[in-house]
Amino acid sequence: MAKVINMVATECQPEVEGAFNKWYDEVHIPMLFKYKGMTKVTRYKIMNKTGEFPSYLAIYEFESLPEYQAYEKSPEIVAARAEMKETWKEGGWEIKWRVQYEEIKTWEK
33 MAKVINMVAT ECQPEVEGAF NKWYDEVHIP MLFKYKGMTK VTRYKIMNKT
83 GEFPSYLAIY EFESLPEYQA YEKSPEIVAA RAEMKETWKE GGWEIKWRVQ
133 YEEIKTWEK
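Just add 32 to the spot in the sequence shown (first one is 1) and you have my numbering.
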């Protein structure tokens, strides 16, 4: 089966950037990783912020489409989203977009 990635682009206000990154790395990702079908998460920060693109990108990897589909209904994502809403009820950051891709082929060197 083909792997699936879920890409999530986010933007946060400068005054909460430190708290946002600490929360994302120390709370949010560990909560999501409780779902066994998620195999890898990689976070990126934009190199040259021009205002056109979101500052942060997270790529969540899953072994297959059924694993990703099960994740979207899992107790782990429900708990993580509830915690996120409670922690950030005052705002400070937002998800700009999310999109999923299915693997076609991988080359490695």
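Think of the CB as a built atom: it goes at the ideal place given N, C-alpha and C, for glycine as much as any other residue.
All figures in this text were calculated on a predicted structure; none of them were measured in a lab.
Here's a check: name, in chain order, each residue in its chain whose Cβ is nearer than 6 Å to the Cβ of residue i, leaving out the five neighbours to either side.
i    : result
E135 : A34 and K35
Quick one: what does DSSP say residue i is sitting in, helix, strand or coil?
i    : result
M39  : strand
E99  : helix
I109 : helix
E126 : strand
From residue i to residue j, what distance separates their C-alpha atoms?
i   : j    : result
E93 : V110 : 18 Å
Y56 : K141 : 31 Å
E43 : R75  : 13 Å
K77 : G123 : 20 Å
Between the options, which lies nearest to residue i when the distance is taken from Cα to Cα?
i    : options                   : result
S106 : F52, K68 and V48          : K68
I61  : E108, W120 and E84        : E108
N38  : T138, W139, E95 and T119  : E95
M116 : P86, F52, S87 and P98     : F52
Y103 : Y133, M79 and F65         : F65
V48  : Q132, Y133, T138 and E126 : E126
T71  : S87, F85, I91 and K54     : I91
### Task
Output the residue ranges of the beta strand (DSSP E) runs that lie fully inside the region 49-90 and measure 3 residues or longer, sorted by chain position.
70-77
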